[in-house]
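What follows is a set of notes on a single structure, which appears directly below.
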Amino acid sequence: MEGYEDWDFVQTLGEGAYGEVKLAISTKTDERVAVKIIDTTRDESVLANVKKECAILQMTKKSPHDNIIKFLAYKLNGDIHYIFLELACGGELFDRIQPDEGMERILAHRYFQQLIAGVDHLHLLGITHRDIKPENLLLDRHDNLQITDFGLSTIFRHQGKTRRMERRCGTPPYAAPEVLAGAPYHARPADVWSCGIVLVTMLAGELPWDEPSDRVKEFIAWKKKKLMYTPWTKLNVDEIRFLEKVLAVNPKERLTIEQICEEQWFKTEIPMPEVCEIQKKKKLKRSFSDEGVAMSQPDLLTRHSVLNDSFNTTRHIFDTISFSQPNHPEYMILSQIDLTQGASQATQSILQRLVRRMTRFLIKKSLEQAQEKLQTVLTEQKLQFKQVTSTQYTVSTRDGRGKILSVKIQLLEMLEDNILLDFRLSKGDGIEFKKSFMNIRKNFGDCIVKAPH
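So the sequence shown is numbered by the working numbering: it starts at 8 and just counts up by one.
Structural data, given as C-alpha cells:
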C-alpha cells in the first residue's frame, strides 16, 4: 500500500481527543479509504493505545468478518500515526436513528443481528470492544453494519486463559452496570449489555438512562420492572421480554450470545407490508434455519456461518426496499471538501458519490445570506456559536441530558446559487446531535430546497 504522502485527504469524517478520521483518495489508483490520524504528542498514554489498537486490528485482519471494519495498513510519520481502514460509505448508524422515533423494526432487527454476529466474532478472537454505541457502528454501501473504533478494545482471552477487566471505560449510557461499579468484571457480558442498549435506541430513538447506576431513577425503575415510561412504552411485548434478558442487571443472568441466537425474537424476522409485497412478487422464502441457529451447544464458527447465510439471503430484499436510503440527493453530497493544491482531477471528479450523510440540507441563498440566516437561527435558539472561517461554524451547547454537545457546521457553495449546510458531530451523543440538527433545520423553513440531481 502507498505511503501517507500518496493520498489526498479530502474530508473529515469524524474526530476525537487525539486526532481525526479523514476520507482519503489515492493519487495513483483513486482507491478510497478512511484514515485515522493520531498525534501521539498530546498525551503520554496515546502511543501505547495506538500500538494496542493496531495489534487488535491486525488480529481482525487475519480473521476478517463482514460486520467488522477492515484494517488495511499502518503508516508512521514522526509522531503522527496513520491507520488505514476500509471506507464505510453508508455513514454512521446513529444518522439513521430518528430522535424519539427510532427506525423501522425490520431494519433495527437486521442491524442487531449483524451487530451480534460481529461482536461474537470479536469474542471468538479474544477481543472485547468496550465502547459499543451507534457512533462506533458504520454502514457500508449495502447498508450492512460494521463495527469500528477499537481505541478502548483489549484482549480478555489469550492462549486459553481468560482474565477479568478492571478498567472503567466506555460511554456511560451504553456501559454495563458492573463496568461502572468499579469491581473486576467479565468482558463478554459487558459487551452484550451495550448491544442491548443500541437495540433500544434503534427501536425507540432514545436512551433509557444516563448511566446504569442507583443514582439514576430510570435505571432504578428498570430494575423494579416499572416499564410504564419511555422508551419501554414504545416497544412491544416480545421486544421487552427479549431486552429483559439481554439487559439483566446481574451479568450471570444476562443472555450470552449463544443464548441470544436461540431466542425466538432474534431468529424470527419481522414482516412489514413492503417486504411482504416483495415476497409475494418474487416468491422468496426468508427464514432462519432452526437446525443451524438453535443448537443446544452451538459451535461459534457454525453459528457465524448460519447467521451470515441468513443475511445474504435477505440482502437483495433490503437493497430493493432501501428503507434508509436518503430521499434527497443532497444527503449523498460529499461534505467539508478541503482539497489540497495537489488534488488530482480524478479525485475531484468522484467527490459527488462518496459518503452518505443525512445531517445536511440545501438552501436557496447566497453565501452572505446563508451566514446571516444561520447566525439568526442559532441566536434565536440560544446556542453558543463561533464563526471559525467564512464557511465554518462551531456550536457548543448542552443536550437534553445536560451533557456537552459540540457541532461543526460547514457552508458549501453548490450549483444554481444554492448553499449546502453540512452538520457534523464533534463531541457528544449522536441521538442528541440529531435532535439539535432537526431543531435547527426546522427553523430554516421555506429556505430549504431539494438538491439538483
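Where a beta carbon is used, it is the ideal one built from N, C-alpha and C, also for glycine.
Considering only the alpha carbon of each residue, which of Glu93, Asp86, Lys69 and Ile75 lies closest to Leu30? Glu93
Asp198 and His116 - do their beta-carbons sit closer together than 8 Å? no
Residues bridged to Lys168 [DSSP beta-bridge criterion]: His165
Does the distance from the C-beta atom of Gly26 to that of Ile45 stay below 8 Å? A contact, by the Cβ cut-off of 8 Å.
Where does Phe440 fall in DSSP's three states? helix
Spatial neighbours of Gln388 in its chain, beta-carbon cut-off 8 Å, leaving aside the 5 residues before and after: Asn446, Ile447 and Asn450
To which residues does DSSP link Gly109 through a beta bridge? Gln105
Do you know offhand how far Pro238's Cα is from Gly109's? 10 Å
Per DSSP, the bridge partner or partners of Tyr192: Met172
Candidates Gly407, Ser413 and Ala41: which alpha carbon is nearest Thr401's? Closest option to Thr401, Cα to Cα, is Ser413.
So, with DSSP's three-state summary, where would you put Val223? coil
Roughly how many angstroms lie between the CA atoms of Leu122 and Asn257, to the nearest whole one? 22 Å
With a 10 Å radius around its C-beta and 16 neighbouring C-beta atoms as the bar for buried, classify Gln120 as buried or exposed. buried
What does the alpha-carbon distance come out to for the pair Arg222 and Asp424? 52 Å
With distances taken from CA atoms, which of His165, Ser160 and Lys168 is nearest Cys176? Ser160
Can you give me the C-alpha to C-alpha distance between Asp37 and Ile370, rounded to a whole angstrom? So the two alpha carbons sit approximately 31 Å from each other.
Neighbourhood of Ile75 by C-beta, 6 Å cutoff - its chain only, sequence neighbours within 5 removed: Thr67, Gly125 and Ile154
Please report how far the alpha carbon of Pro141 lies from the alpha carbon of Ser433, in whole angstroms. 15 Å
Quick check on Ser201: does DSSP put it in helix, strand or coil? helix
Can you name the start and end residues of the alpha helix (DSSP H) that Gln376 belongs to? Leu374 to Glu387 is the extent of the alpha helix (DSSP H) around Gln376.
In three-state terms, what does DSSP make of Asn446? helix
Determine the closest residue to Leu422 out of Phe440, Lys457 and Lys393, with distance taken between C-alpha atoms. Lys457
Who are Asp217's beta bridge partners in DSSP? None, per the DSSP bridge assignment.
Is it buried or exposed, Ala183, if we count other Cβ atoms within 10 angstroms and call 16 or more buried? A residue is called buried when at least 16 other Cβ atoms come within 10 angstroms of its Cβ; Ala183 meets this threshold and is buried.
Which residue comes first and which comes last in the alpha helix (DSSP H) that contains Ala62? Judged by DSSP secondary structure, Ala62 falls within the alpha helix (DSSP H) whose first and last residues are Val53 to Lys69.
Are there 16 or more other CB atoms within 10 angstroms of the CB of Ala377, so buried, or fewer, so exposed? buried
Inter-residue spacing [alpha-carbon to alpha-carbon] between Ala194 and Phe163: Straight through space, the alpha carbons of Phe163 and Ala194 are spaced by roughly 7 Å.
Under the three-state reduction of DSSP, which class applies to Thr396: helix, strand or coil? strand
Beta-carbon contacts of Ser201 that lie in its chain and below 6 Å, excluding the five residues immediately before and after: Ile139 and Tyr181
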